[in-house]
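Residue numbers for the sequence shown follow our numbering, so the first one is 42 and each next one is one higher. Each residue gets a CB set at the ideal place from its N, CA and C atoms; glycine is no exception. Small disclaimer: the values here were computed from a predicted structure and weren't measured. Beneath this line is the structure, given in C-alpha cells, with notes to follow.
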Amino acid sequence: MGIVEDFCEMVRIPSESGNEAEFLGWLRERFQERTGANCRFDNYGNLICKLPGKGTRKAEAILLCAHADTVRPGTGVEPVVEGDVIRSRGDTILGADDKAGIAAILHGILGARHHPPLEVVITREEEVGLLGAKNLDVSLLESRIGFVLDGEALDEIIIGGPSHFLIDVEITGRSAHAGMEPEKGISAITAAARAIVRLPQGRLDHATTANVGTIQGGSVRNAVPERVRIQAECRSLEHPRAVEVAELYQRIFREEAEAMGAAAEVKVELAYRASRVPEDSPAVRLAAAAIASLGLDPKPRLICGGTDASILNQKGITAVVLGMGAREAHTAREHIRIRDLEAAASLVRALLENATSL
C-alpha cells in the first residue's frame, strides 16, 4: 500500500486520547508485518518497535517517535481526497496530527536503502499532557538521539521548548443568601476576580507567556459563592523566569483571598522543564542534512509549546522535532497536502540513510 492509502486507513481508526488501544494494536501488526520489527508495549501502553540495522555495521540506535492519540472529535473520521489535499468530511478532525508523522516514519523506514538500528516509539496521551512520554519506560531503549515527527513545517527543526507550570487554585469563602443577608458571605468569585485583574497575562516577554484558562464557581444565582476553582499556567524558555511567574501567581491569589477573609489553596506543578538542543549537536546536524536533501533551507527554532521531545530530553535522549506537514490541527479544517505527506516520508528516509555515516 502507498502512503496515502495507509494514512487514510490510519485516520479511520479512532484513537482519541485514552482510547488508543485499537489503533496501537493495528500499528503493532503493521510494523511487524511490513518492517520485520520486534514490537512490544511498555507498562503504560506505549508501542516500542525495534529494527536491526540495514546495510550498515553502525551499532548506535536512533529513535523515531510520534504519538497515537488525537484530540476530539476524532471518532468516525472519514478522509476525503480532493486533488492534492486530504481532509475530513468536515464534522471531525482529520487526525494528521500525528498520524501523518506515523505514516512518514513507516514509509521512511520502508523506503530507506540502509539505516542504523532503529527504535520506533508511538506514545499514548500526548494531547492531554504528554502522559505517554512521561511514563515511557526508557530502560527498554538504547537510543541516545531521537527525532519526533510532530511539527508542521517541513523546513523547521524544533530544538527546544519551555518550562511549563500548571497552576490550580481553589478559593474558599463563605456562602450566604444573596438577597437576605449578603453581608454574612465572602464571595470566592470576587476574590478570584480581584486576583485575576492583577495577574500578568499573555506574552510577558520574548520567552515567557502566562494565562488564566478556566474559572468555575458558584452553585446558584441567589447565593454568595463559597468556592471557585481556577486553572492557569505559565511558560518560559528560561526556567528561572517560569519559576518567578509561577510564584507571583501563587502569591497574588493568596493575597487577594486573605484580604477578603477567604482562603486560597494553590497547587503548582512543573509539567516539563525548559530544554534546548545545541545547533551543532549530531541530532540537529542530521536533521538539517535531511531537510536540505529536500531542497529546503533548515530553520532551527524554539517554541513555547510542549512536545514528546520535551520529555525525551529530560530522560536522557537528545531529541528534536521535525515537520510532518499537517495544517490547521485540532480543528475540523485540519488537512494535509499529499506532496507534503510524501515529503515527510522522504525526510525520514534521508535522515535514516544519512545516519549511517554519523
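Nearest-angstrom Cβ-Cβ length linking residue i and residue j, presumed shorter than 8 Å
i	j	result
residue 179	residue 105	About 15 Å; that fails the 8 Å criterion.
residue 166	residue 58	5 Å
residue 370	residue 138	4 Å
residue 64	residue 109	5 Å
residue 200	residue 329	That belief does not hold up - the Cβ atoms of residue 200 and residue 329 are roughly 10 Å apart, past 8 Å.
residue 134	residue 111	6 Å
residue 129	residue 118	6 Å
residue 125	residue 380	6 Å
residue 91	residue 78	6 Å
residue 169	residue 348	That belief does not hold up - the Cβ atoms of residue 169 and residue 348 are roughly 14 Å apart, past 8 Å.
residue 55	residue 131	Not really, about 17 Å apart at Cβ, beyond 8 Å.
residue 324	residue 283	Not really, about 24 Å apart at Cβ, beyond 8 Å.
residue 316	residue 355	7 Å
residue 74	residue 157	Not really, about 22 Å apart at Cβ, beyond 8 Å.
residue 263	residue 217	With 8 Å as the limit, residue 263 and residue 217 do not qualify as a contact, their Cβ atoms being about 10 Å apart.
residue 187	residue 358	5 Å
Range covered by the alpha helix (DSSP H) that runs through residue i
i	result
residue 321	Unbroken run through residue 321: none, as it is neither H nor E.
residue 231	229 to 239
residue 45	44 to 53
residue 298	280 to 300
residue 483	Since the first and last residues shown for the chain are 42 and 399, residue 483 lies out of range.
Span of the beta strand (DSSP E) around residue i
i	result
residue 315	It is not in any beta strand (DSSP E) - residue 315 carries neither H nor E in the DSSP assignment.
residue 120	120 to 123
residue 128	126 to 129
residue 377	376 to 378
residue 192	186 to 192
residue 161	159 to 164
residue 408	Nothing can be reported for residue 408, as the shown portion of the chain is limited to 42 through 399.
Proximal residues to residue i (C-beta, below 6 Å), its chain only, five neighbours per side dropped
i	result
residue 345	203, 250 and 276
residue 294	210, 236, 305 and 307
residue 212	229, 232, 233, 269, 298, 303 and 305
residue 140	51 and 52
residue 148	44 and 386
residue 253	237 and 273
residue 279	248
residue 145	190, 365, 385, 386 and 389
residue 120	49, 52 and 127
residue 153	390, 393 and 394
residue 47	144
Beta-ladder partner(s) of residue i, from DSSP
i	result
residue 79	91
residue 253	273
residue 207	274 and 310
residue 244	250
residue 26	Lying outside 42 to 399, the shown extent of the chain, residue 26 is not represented and no answer is given.
residue 201	317 and 343
residue 133	Looking at the DSSP assignment, residue 133 forms no beta bridge with any residue, so it has no partner.
residue 265	217
residue 97	DSSP, once it has assigned bridges, lists no residue as partnering residue 97.
residue 111	57
residue 258	269
residue 156	95
Close Cβ partners of residue i (< 7 Å) along its chain, the five nearest in sequence each way excluded
i	result
residue 331	388, 391, 392 and 395
residue 69	80 and 88
residue 181	83 and 89
residue 155	95, 96, 97, 394 and 397
residue 327	392, 395, 396 and 399
residue 362	189, 191, 192, 199, 348 and 350
residue 93	158
residue 113	57
residue 256	233, 269 and 271
Contact set for residue i: own chain, Cβ-Cβ below 8 Å, skip 5 residues either direction
i	result
residue 333	339
residue 352	171, 174, 175, 177 and 313
residue 384	195, 335 and 366
residue 286	206, 241, 245, 249, 251, 275 and 277
residue 291	208, 307 and 309
Check: residue i C-beta below 6 Å from any heavy atom of the ligand HEM
i	result
residue 329	By its list of ligands, the structure shown contains no ligand whatsoever, and the ligand HEM lies outside what it can speak to.
Neighbour flag for residue i against chain B, beta carbons, 7 Å
i	result
residue 210	Note that chain B does not occur in the displayed structure, where there is just one protein chain.
Would you mind listing the beta strand (DSSP E) stretches within the stretch 348 to 388 that are 3+ residues and don't spill past its ends, in chain order? 359 to 364 and 376 to 378
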